[in-house]
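Chains as they are written, first to last, in my numbering: chain A, 1 to 317; chain B, 318 to 634.
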C-alpha cells in the first residue's frame with residue numbers, strides 16, 4: 001500500500017482521494033500508512049478480491065472510467081452479499097496508462113463505496129497498459145446463523161432470485177446499439193437498463209435477510225443464472241427444476257439465463273413463508289420463486305427442458 | 318472471487334491451486350466459495366493491497382512468472398511487517414494474456430505464502446494484456462503496543478535498518494548485465510544478489526520485534542532509503558541525520574539509497590539498548606544503527622551533505 005506527500009502523480013491522487021473520503025474512527029488508520037488499521041466486530045471475517053480490466057470486463061468506449069470503478073466495487077461487494085455478510089472495509093488497487101483519468105476512476109470507486117456504506121481504507125496505484133481495478137473487501141458475518149455457502153442446498157429447498165434478471169446484459173446490448181446510432185437518444189426504459197449495467201448494486205441487505213430467513217445456499221448472478229445456479233447445484237450435490245425465470249423489462253430470456261452482470265442473488269431455502277415474511281419485515285420486496293432443488297444431481301431443467309450451463313470463464317494455456 | 322468445477326481454464330487452475338494448498342481449520346472456508354470465511358484473532362486488524370505488473374514492476378525477460386508471483390506476495394506482506402503486525406490471510410487476483418503460464422505464476426504465489434506462513438484463502442483470475450498480480454493481505458497486531466505508524470518518530474530517536482541495503486537493485490542490475498552476456502556465468506556473489514531481487518523476504522519477525530522494542534515509526538524500504546525515510550520524516554515532523562548507511566556486498570551506495578526493492582525495514586526507536594536486546598532475545602541479528610532523528614524537519618542529511626529524495630512514483634494526467 002502506498003501513500004505520501006509528493007506533488008502530482010500517485011501520492012497526490014491518493015491524497016485527493018483521502019480528502020474526499022470520511023476519516024477513520026478513533027484508533028483506526030485508513031489511507032496513508034503502510035497498511036490500514038481497523039477494528040473488526042465479533043463473528044467471522046469474510047475476505048474477497050476481484051479484478052476488473054478495461055477491454056475484458058468493461059469497454060471504455062461504452063462506459064466511463066468512473067463506471068469501471070463503480071462496477072469493480074459492486075462486483076466485490078456482491079461476493080460478500082452472496083455470503084449473507086456485511087461489508088466493512090475495502091482496499092483498491094488501480095492501474096492504467098499515462099492518459100488515464102485516475103481521479104475520475106477513483107471517484108467511481110468512492111461513490112460506490114459510499115453508496116454501499118463500505119469505507120475505502122487503503123489503496124495502491126500503478127502504471128499498466130490497460131486500466132485495471134482490483135477491489136478487495138473485508139466483511140463480517142454472525143456465527144449463528146453463519147455464512148451462506150454454495151454447498152448447503154438440499155432436495156426440496158425452494159429457489160429464489162432477488163429481482164428479475166437480464167438487465168445488465170440488456171444494458172450492455174443497449175450501449176452497443178446506441179454507440180453505433182449516436183444520433184438516436186435511448187428510450188427511458190433503455191436508460192434504466194444502461195444504468196443497471198453501468199452502476200450495478202450489490203444486494204447486501206437482501207443477502208443478510210436471506211441468511212436470517214434460513215437460506216441454505218446462495219450465489220450472486222455474475223456469470224449468468226444457468227452457470228451460477230450450476231455452481232450451487234454442483235457444490236450442494238442437488239439438481240434443480242425451474243418453472244419461472246423472471247426477465248427484467250427490456251431484457252430477453254436468453255439475457256436473463258446467460259447474460260451475467262446482474263449481481264442479483266439466487267438462493268435456496270426450505271421455508272418459503274419464512275423467506276417472504278423476513279423480506280417483508282426488513283422492508284424489502286419479496287424475492288421471486290423460480291423453482292425447486294431436486295435429488296437428481298444431473299437434473300438442470302427449465303420449463304421441462306434440460307439446460308446447458310451458459311456462463312464463461314477465462315482460459316490460459 | 319471465483320471458483321467452480323468446469324474443466325480447463327480459470328476454474329481448473331484455481332482448483333489445482335486449492336489442492337496444493339493446506340486446507341482451512343474447522344469452521345473456515347478458503348478458496349471455493351464467493352468469499353473466504355476466516356476467524357481473526359483478537360486485537361486490531363491490518364489491511365493492505367499491492368499491484369505488481371509485468372513490464373512495470375518486473376521484467377518477464379529477466380525473471381520468471383513464479384518470481385513475479387513471489388514478489389507480489391512479499392511486497393504486500395512487507396506492508397504488514399512495516400506495521401509490526403502478523404500476516405494471517407491473503408487473497409490474490411491474477412491476470413495475463415492467453416499464453417501466460419498461470420500455474421507457474423500461482424506456484425510462486427503459493428511458495429511465498431507458505432514460506433511466510435500466511436495462507437492463501439481466496440483468488441480471482443482474469444484475462445489481461447499484461448501479467449498482473451494483486452495481493453491483498455489481512456493481518457493483526459496487538460492493541461498494546463499497537464501498530465507502528467510512520468508518524469511517531471521524535472527528535473532524538475535513533476534510526477535502524479534490519480540489514481544492509483541495495484541488494485535488490487544490485488540483483489536487478491546483475492540480471493540486466495547477464496541477460497546481455499548470456500555466456501558468462503554469474504559469480505556466486507551475483508547469484509545471491511539476483512536471489513534478493515527475485516525472491517525478497519518480508520521482514521515480519523523483525524517488524525514485530527521492533528514494535529515490541531519500542532519502535533516509534535517504521536516503513537519498509539520499497540522505493541529507496543532516501544524516499545522512504547523521507548515519508549517517515551514528513552509524517553513525523555522531524556528531520557534526520559544519517560552517519561552510516563550499510564551497503565549489501567556487491568551493491569553500490571547509490572543502490573542502497575535509491576534502489577528500492579529491498580523490503581528491509583527502517584525504524585526509529587528511542588532506546589538502542591532495548592532494541593539490541595529485543596532482537597537478541599528473538600534470535601535475530603541486531604539491526605544496524607544508521608543515524609538519528611532531528612528537530613529540524615527540513616534536515617535530511619547523510620555524512621554532512623543534504624540528500625535529495627531519490628524515489629519514484631507513477632504519474633497519470
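Beta carbons: idealized from backbone N, C-alpha and C, even for Gly.
- At a cut-off of 8 Å between beta-carbon atoms, residue 31 of chain A makes no contact with chain B.
- Taking C-beta separations shorter than 6 Å and ignoring five residues to either side along the sequence, the partners of residue 30 of chain A in its chain run 24, 36, 121, following chain order.
- Not a single CB atom of chain B sits nearer than 8 Å to the CB of residue 19 of chain A.
- Interface criterion not met: the Cβ of residue 299 of chain A is under 8 Å from no Cβ in chain B.
- Contacts with chain B at 8 Å (Cβ-Cβ) do not include residue 203 of chain A.
- Each residue's CA atom was taken as its position, placing residue 33 of chain A and residue 273 of chain A some 49 Å apart.
- Shown here for residue 396 of chain B: same chain residues with a beta carbon closer than 6 Å to its own, the five before and five after excluded, namely 365 in chain order.
- With a contact defined as Cβ atoms closer than 8 Å, residue 535 of chain B and residue 458 of chain B miss out at about 12 Å.
- In summary, the residues of the segment 32-55 of chain A whose CB is separated from some CB of chain B by less than 7 Å are 33, 34, 35, 36, 37, 38, 39, 40, 44, 45, 46, 47, 48, 49, 50, 51, 53, in the order they occur in the chain.
- If you compare the alpha carbons of A:286, A:195, A:295 with that of residue 266 of chain A, the shortest gap goes to A:286.
- For residue 305 of chain A, the pairing in a beta bridge is given by DSSP as A:302.
- Pairwise C-beta distances place the segment 440-458 of chain B out of contact with the segment 490-497 of chain B, as fewer than three of them are shorter than 8 Å.
- For residue 161 of chain A, no CB of chain B lies under 8 Å from its own CB, so it is not counted at the interface with that chain.
- Rounded to the nearest angstrom, the gap between the Cα atoms of residue 53 of chain A and residue 229 of chain A is 25 Å.
- DSSP, reduced to helix, strand and coil, places residue 92 of chain A within a strand of the structure shown.
- For the 8 Å CB-CB criterion, residue 532 of chain B and residue 379 of chain B do not form a contact.
- Note that the segment 421-434 of chain B touches the segment 386-393 of chain B; at least 3 beta-carbon pairs, one per stretch, sit closer than 8 Å.
- The segment 409-418 of chain B and the segment 464-482 of chain B do not touch, with fewer than three beta-carbon pairs separated by less than 8 Å.
- Along the segment 117-136 of chain A, going in chain order, the ones with a CB nearer than 8 Å to a CB of chain B are 121, 122, 123, 124, 125, 126, 127, 128, 129, 130, 132, 134, 136.
- Within the segment 470-499 of chain B, the complete alpha helix (DSSP H) runs of at least 4 residues fall at 484-496.
- Close CB contacts of residue 563 of chain B within its chain, under the 8 Å cut and outside five residues either way in sequence, are with 478, 480, 481, 482, 573, 605, 607 (chain order).
- Boundaries of the alpha helix (DSSP H) around residue 229 of chain A: 225-236.
- Rounded to whole angstroms, the Cβ separation of residue 393 of chain B and residue 407 of chain B is 7 Å, and the two are in contact under 8 Å.
- Taking all protein chains shown into account, residue 548 of chain B has 16 or more neighbouring C-beta atoms within 10 Å of its C-beta and is therefore buried.
- In the three-state reduction of the DSSP assignment, residue 269 of chain A falls in the strand class, which pools E and B.
- Residue 435 of chain B has no beta-bridge partner at all, per DSSP.
- One finds nothing in chain A with a Cβ atom closer than 8 Å to the Cβ of residue 607 of chain B; even the nearest lies about 19 Å away.
- In the displayed model, residue 359 of chain B falls within coil according to three-state DSSP, outside both helix and strand.
- In this chain, the beta strand (DSSP E) harbouring residue 289 of chain A covers 288-294.
- Residue 377 of chain B sits in coil when the DSSP states are folded into three classes, being neither helix nor strand.
- Straight-line measurement puts the Cα of residue 129 of chain A at about 9 Å from the Cα of residue 445 of chain B.
- Boundaries of the alpha helix (DSSP H) harbouring residue 80 of chain A: 65-81, taken from the DSSP string.
- Excluding its 5 nearest sequence neighbours in each direction, residue 131 of chain A has C-beta neighbours in its own chain below 6 Å: 54, 96, 100, listed in chain order.
- Leaving aside the five residues that flank residue 466 of chain B on each side, the residues in its chain whose CB is nearer than 7 Å to its CB run, in chain order, 534.
- Contact of residue 306 of chain A with chain B by beta-carbon distance below 7 Å is absent, the smallest such distance being about 17 Å.
- Taking a beta-carbon distance threshold of 8 Å, residue 149 of chain A counts as an interface residue toward chain B.
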